[in-house]
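Engineer: Here it is: the structure, laid out below.
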Amino acid sequence: ANSQQRTANSSPLCMSVNRTSIMSKKQQQQQQVTVAPALNNNEDDDDDDETDDILVPPFAASERHSTLLPATFNLVATIVGGGVLSLPLAFSKCSSGSSSTSNTTSTNSSLPGLLAVTLCLLAAVATDRSLYMLCRAARWCGGATYGEVARCAFGKPAEWCVSGLLAVFLLFVITGYMVLIRDIWTPLVSRVSLWRGRQVDGNLVLLGAIMGLGPFLVQKDLHALRYNCYAGFASISILCAALWYRALFRYDEDTDVHEDAVLITAGLNHTATETVNEPHFASFADILFAFPIIILSFLSQFNILPIQAALVQPTRARIQKVTRRAVMASGLLMYLFGQGGYLCFGDKVQ
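For the sequence shown, the UniProt record's numbering gives the first residue as 1, with consecutive numbering after it.
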């Protein structure tokens, strides 16, 4: 019976059927490979098939209702946070040049130049690539959160570790924002006519702010907070414009004072005592001080997966557009903010 089965398997008819089945499988694989570039219509040079991505929720799910613009602003609002307030200090560490002082005026000609731009570009590129790599990792394993991606890569203990680190980090961030809200709004409330001349308790102001923000805190996705993101981006842009206005106005005043001092000195026929300091160049220690501030200002990895989960038609090209546009807009705004703050306050940025 075994010899008869071998003879049947080795017959020309059986061999032709096997070849046909093998060829059909190869053709199906080639068709699947050729379908991928049509779905992945971007400059991405990845070799794997986008149709194999595991999306949570699915590609055409009704839970996806965020287009490119809201998704981009959600990520921008995540990037541009309270950390931008420390950028002028980081830019002061990146300054290079020389400063000159006299008995009539004091000007600082050291401006953050190529070094600050280089550090910002490095931080922006690293952030963009890490965001996209995290999205790709989630699509490979079907993870919907940062912790699930860590579990797929390193096991259950990694999920606990990442979730614990994020919880502690975000609790401290929330605490810092609460203190910032109290310090900013308490003087403003005290200037209102109803409380003018009275001592306003900052804790009560903070409690009122939390109650006012209550409806926003119970939203289930970032798409519902898109208008808050628009308002936040507009407010930080106004603050950046105010810093540059103050900086340019101060520069004009310093120039006028210096010209008047030169004319008075020339009329009295004596030379003002002027001391020129040695050129100051940013040291390696200054770079180590400034770069963590700059790169932490781009911190947004904990929100990219919810943004991808809410994006309509979440192809790799579209999610890469979101990350690149958000990082470019945030990087430009933060550079202008840091440069404007340094030009406005100089060495007194602390």
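Built from N, CA and C at the ideal position, the CB exists for glycine as well.
Identify, in the order they occur along the chain, each residue of the same chain with its Cβ nearer than 6 angstroms to the Cβ of W244, setting aside the five sequence neighbours on each side.
Structural biologist: Taking the sequence shown and counting its residues from 1, one reaches residue 244 at position 244. Excluding residues within five positions, the ones whose Cβ falls inside 6 angstroms are G340.
Engineer: To the nearest angstrom, how far is it from the Cα of V192 to the Cα of R198?
Structural biologist: As a working mapping, residue 192 is identified with position 192 in the sequence shown. As a working mapping, residue 198 is identified with position 198 in the sequence shown. The straight-line gap from Cα to Cα measures roughly 10 angstroms.
Engineer: Look up L213 in the DSSP assignment and say whether it is helix, strand or coil.
Structural biologist: In the sequence shown, counting from the first residue as 1, residue 213 sits at position 213. Reduced to three states, the DSSP call for L213 is coil.
Engineer: With H, G and I counted as helix, E and B as strand and the rest as coil, what does DSSP make of L311?
Structural biologist: As a first step, residue 311 is located in the sequence shown; it is residue number 311 there, counting from the start. Three-state result, L311: strand.
Engineer: Per DSSP, residue 356 is paired with what?
Structural biologist: Outside the displayed range of the chain (1 to 350) lies residue 356, so it cannot be described from this structure.
Engineer: Taking buried to mean at least 16 other C-beta atoms within 10 Å of its own C-beta, is G338 buried or exposed?
Structural biologist: To locate residue 338, count along the sequence shown from 1; it is residue 338. It is buried - the Cβ of G338 has at least 16 other Cβ atoms within 10 Å.
Engineer: Go ahead and label F73 buried or exposed: buried means 16 or more other beta carbons lie within 10 angstroms of its beta carbon, across all protein chains shown.
Structural biologist: Mapped onto the sequence shown, residue 73 falls at position 73. Buried, by the Cβ-count rule.
Engineer: Quick one: residues in its chain with C-beta nearer than 6 angstroms to the C-beta of F298, no 5 flanking neighbours on either side, listed in chain order?
Structural biologist: Taking the first residue of the sequence shown as 1, we reach residue 298 at position 298. These residues qualify, in order along the chain: I79, A123 and T127.
Engineer: What does a CB cutoff of less than 8 angstroms around F59 pick up in its chain, not counting 5 residues either side in sequence?
Structural biologist: Within the sequence shown, numbered from 1, the residue matching residue 59 stands at position 59. Counting only Cβ-Cβ distances below 8 angstroms, and skipping sequence neighbours, we find Q313 and P314.
Engineer: Does DSSP put T67 in a helix, a strand or coil?
Structural biologist: Against the sequence shown, residue 67 aligns to sequence position 67. Reduced to three states, the DSSP call for T67 is coil.
Engineer: So, helix, strand or coil for S130, using DSSP?
Structural biologist: Taking the first residue of the sequence shown as position 1, residue 130 is located at position 130. Of the three classes helix, strand and coil, the one that applies to S130 here is helix, per DSSP.
Engineer: Within the chosen definition, does the region 81-90 reach the region 283-301 through at least 3 CB pairs nearer than 8 angstroms?
Structural biologist: Yes: at least three Cβ pairs fall under 8 angstroms.
Engineer: Does M334 pass the burial test, meaning 16 or more other C-beta atoms within 10 Å, or should it be called exposed?
Structural biologist: By 1-based counting over the sequence shown, the position of residue 334 is 334. So M334 counts as buried.
Engineer: Using 8 angstroms as the threshold, is the region 199-207 in touch with the region 175-191, meaning 3 or more CB pairs across them?
Structural biologist: Contact between the region 199-207 and the region 175-191 is present, because at least three Cβ pairs lie under 8 angstroms.
Engineer: Express the C-alpha separation of Y227 and F216 in angstroms, rounding to a whole number.
Structural biologist: Walking along the sequence shown from the start, residue 216 turns up at place 216. Walking along the sequence shown from the start, residue 227 turns up at place 227. Roughly 11 angstroms between the two C-alpha positions.
Engineer: Roughly how many angstroms lie between the CA atoms of D347 and F233, to the nearest whole one?
Structural biologist: Here the question's residue 347 lines up with position 347 in the sequence shown. Here the question's residue 233 lines up with position 233 in the sequence shown. If you take the alpha carbons of D347 and F233, they lie about 27 angstroms apart.
Engineer: At the level of alpha carbons, what is the spacing between A285 and R182?
Structural biologist: Looking up residue 285 in the sequence shown gives position 285. Looking up residue 182 in the sequence shown gives position 182. A285 and R182: Cα-Cα distance of roughly 34 angstroms.
Engineer: Since D286 is in the alpha helix (DSSP H), which residue starts that stretch and which ends it?
Structural biologist: Mapped onto the sequence shown, residue 286 falls at position 286. Here the alpha helix (DSSP H) through D286 covers F284 to S297.
Engineer: Return yes when the Cβ of L89 is within less than 7 angstroms of the Cβ of V322, no when it is not.
Structural biologist: For this step, residue 322 is matched to residue 322 along the sequence shown. For this step, residue 89 is matched to residue 89 along the sequence shown. For V322 and L89, no; Cβs fall outside 7 angstroms.
Engineer: Closest by CA to P70, which one among A326, K156 and C344?
Structural biologist: Start at 1 with the first residue of the sequence shown, and residue 70 comes out as number 70. Answer by Cα proximity: A326.
Engineer: Using the rule of at least 16 other Cβ atoms within 10 Å of the residue's Cβ for burial, across every protein chain shown, is P157 buried or exposed?
Structural biologist: Looking up residue 157 in the sequence shown gives position 157. Exposed, by the Cβ-count rule.
Engineer: Which runs of the alpha helix (DSSP H) fall wholly inside the region 148-219 and span at least 4 residues, in chain order?
Structural biologist: The region 148-219 contains these whole alpha helix (DSSP H) runs: 156-190, 202-212 and 214-217.
Engineer: Can you list, in chain order, the residues of its chain whose CB lies under 6 angstroms from that of E63, leaving out five sequence neighbours each side?
Structural biologist: Position 63 of the sequence shown holds residue 63. Closer than 6 angstroms at Cβ, skipping near neighbours: P57.
Engineer: Is it buried or exposed, V218, if we count other Cβ atoms within 10 angstroms and call 16 or more buried?
Structural biologist: Translated into positions along the sequence shown, residue 218 becomes position 218. V218 should be labelled exposed.
Engineer: Look at the alpha carbon of M133 and the alpha carbon of L75, and state the distance between them as a whole number of angstroms.
Structural biologist: By 1-based counting over the sequence shown, the position of residue 133 is 133. By 1-based counting over the sequence shown, the position of residue 75 is 75. Each residue's Cα considered, the two are about 16 angstroms apart.
Engineer: Span of the alpha helix (DSSP H) holding G82?
Structural biologist: Counted from its first residue, the sequence shown places residue 82 at position 82. Per DSSP, G82 belongs to no alpha helix (DSSP H) and is neither H nor E.
Engineer: Going along the chain, which residues of its own chain have a beta-carbon closer than 8 angstroms to the beta-carbon of L166, five neighbours each way excluded?
Structural biologist: On the sequence shown, position 166 is the one that residue 166 refers to. Counting only Cβ-Cβ distances below 8 angstroms, and skipping sequence neighbours, we find Y146, G147 and F302.
Engineer: Applying the criterion that 16 or more other CB atoms from any shown protein chain within 10 Å of the CB defines a buried residue, is S330 buried or exposed?
Structural biologist: For this step, residue 330 is matched to residue 330 along the sequence shown. Buried.
Engineer: When the distance is taken between beta carbons, is P306 closer than 7 angstroms to L222?
Structural biologist: In the sequence shown, residue 222 corresponds to position 222, counting from 1. In the sequence shown, residue 306 corresponds to position 306, counting from 1. Result yes, Cβ atoms of L222 and P306 sit closer than 7 angstroms.
Engineer: Is it the case that the Cβ atoms of S66 and A310 are separated by a distance below 7 angstroms?
Structural biologist: In the sequence shown, residue 66 corresponds to position 66, counting from 1. In the sequence shown, residue 310 corresponds to position 310, counting from 1. Yes, Cβ-Cβ distance for S66 and A310 is below 7 angstroms.
Engineer: Confirm, please, whether the CB-CB distance from A224 to L115 is below 7 angstroms.
Structural biologist: Here residue 115 refers to the residue found at position 115 when the sequence shown is read from its first residue. Here residue 224 refers to the residue found at position 224 when the sequence shown is read from its first residue. It is not a contact, given that the beta carbons lie outside the stated cut-off.
Engineer: If you follow the alpha helix (DSSP H) that I319 is in, where does it begin and where does it stop?
Structural biologist: In the sequence shown, residue 319 corresponds to position 319, counting from 1. Looking at the DSSP string, the run of the alpha helix (DSSP H) that includes I319 is R316 to F345.
Engineer: Taking the Cβ atom as the reference point for each residue, do I54 and G155 lie within a distance shorter than 7 angstroms?
Structural biologist: Looking up residue 54 in the sequence shown gives position 54. Looking up residue 155 in the sequence shown gives position 155. Contact flag unset, no.
Engineer: From Q320, I295, L248 and E50, pick the residue whose C-alpha is nearest to that of residue 353; which is it?
Structural biologist: Because the chain is modelled from 1 through 350, residue 353 falls outside the range shown and cannot be assessed.
Engineer: From F91 to A290, what does the alpha carbon distance come to, in whole angstroms?
Structural biologist: To locate residue 91, count along the sequence shown from 1; it is residue 91. To locate residue 290, count along the sequence shown from 1; it is residue 290. Roughly 7 angstroms separates the two Cα atoms.
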